[in-house]
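Asks: In my numbering, the protein residues as written are 385 to 616.
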Amino acid sequence: MDLKESPSEGSLQPSSIQIFANTSTLHGIRHIFVYGPLSIRRVLWAMAFVGSLGLLLVESSERVSYYFSYQHVTKVEEVVAQSLVFPAVTLCNLNGFRFSRLTTNDLYHAGELLALLDVNLQIPDPHLADPTVLEALRQKANFKHYKPKQFSMLEFLHRVGHDLKDMMLYCKFKGQECGHQDFTTAGLGHQVLWDPPEAQCGRFSQSDLKGEPRAFESQILEPNCSCNFGVA
């Protein structure tokens, strides 16, 4: 008996590519490499697979090429205007109150609001305060035999708040000297606006000085800080 396999019997054994295709999860490949003779179904699956793979490679290569070309678009438009509308400029002081202007009555009514006293009108964490400030605060917060007076928050803000006249060192608009009197207000009728709880602001607008709007320059003095401010 001849144990050698005939060519027809060997062709019935699946090839390695057929085994791989039937065990692969790649969509469509198992329909291309199947057992048996070539069929129209296999050809259509092969065409769809090759076409999809080709589109993927073309689109991917185009996107990679576009990325490395570093494309950018810059559009600049310049318009020459005869007269510019000068915007309102707001100058703010982030220090809400002046400690030197506080009184005993202020601390009695607003000490807790200012975080200078606790609910019992006592100084919280005195060991963290500056010795000079702590001594002044103790004198103002001495409520022994003290009879509280009427308290007005509006009057308190105007009196204790920072005044633009005390902060402004220099102001110039279109070659003209200007000052705190050229700053208008919104709300309180005072040259320094109060915007609780963060800042006090003074506003300079186009109608404050005569002439066409041009550069506005000012120098504002704040505690421990000299700040220059300019708008063109």
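A virtual CB, placed ideally from N, CA and C, is assigned to each residue, including glycine.
Owing to the predicted nature of the structure, the values given are computational and were not obtained by experimental measurement.
#1: Nearest to I413 by alpha carbon, out of V464, V434, F540?
#2: Give the DSSP-derived three-state secondary structure of K524 in the structure shown.
#3: Does the pairing of the region 488-506 with the region 442-450 give three or more beta-carbon distances under 8 Å?
#4: Check whether the region 511-526 and the region 559-566 are in contact - that is, three or more C-beta pairs closer than 8 Å.
#5: Among N406, H542, H546, R425, which one has its Cα closest to the Cα of R482?
#6: Using the beta-carbon count (16 or more within 10 Å), is Q551 buried or exposed?
#7: Determine whether the beta carbon atoms of H415 and R426 lie at a separation below 8 Å.
#8: Please state the DSSP three-state secondary structure of Q455.
#9: Among M537, L500, Y530, which residue has its Cα nearest to the Cα of E519?
#10: What residue from E443, A494, N406 has the CA that sits closest to V503's CA?
#11: With DSSP as the reference, label L572 as helix, strand or coil.
#12: Per DSSP, which one or two residues make a beta bridge with E561?
#13: Please report the straight-line C-alpha distance between K549 and Q455, rounded to a whole angstrom.
#14: Taking all protein chains shown into account, do 16 or more other C-beta atoms lie within 10 angstroms of the C-beta of V464, making it buried, or fewer, making it exposed?
#15: I need the straight-line Cα distance from P515 to L498, nearest angstrom please.
#16: What is the DSSP secondary structure of G435, counted as helix, strand or coil?
Replies: With the given structure in hand:
#1: Among V464, V434, F540, the Cα nearest to that of I413 belongs to V434.
#2: Here K524 sits in helix by DSSP.
#3: Contact fails: fewer than three Cβ-Cβ distances are below 8 Å.
#4: When C-beta atoms of the region 511-526 are compared with those of the region 559-566, fewer than three pairs fall below 8 Å, so the two segments do not count as touching.
#5: The option with the nearest alpha carbon to R482 is H546.
#6: Inspection of the sequence shows that residue 551 is occupied by Met rather than by Gln. Result: buried.
#7: One thing to note: H415 has its Cβ within 8 Å of the Cβ of R426.
#8: Reduced to three states, the DSSP call for Q455 is coil.
#9: Nearest C-alpha to E519: L500.
#10: Out of E443, A494, N406, A494 has the C-alpha closest to the C-alpha of V503.
#11: Caution applies to L572, whose pLDDT of 44 falls short of 50 and renders its modelled position unreliable; the value that the coordinates give is listed next. DSSP places L572 outside both helix and strand once states are collapsed to three, so it counts as coil.
#12: E561 pairs with K556.
#13: Computed Cα separation, rounded: 53 Å.
#14: The residue in question, V464, is exposed, as its Cβ has fewer than 16 Cβ neighbours within 10 Å.
#15: Straight-line Cα distance between these residues: approximately 19 Å.
#16: Look at G435 here: in three-state DSSP terms it is helix.
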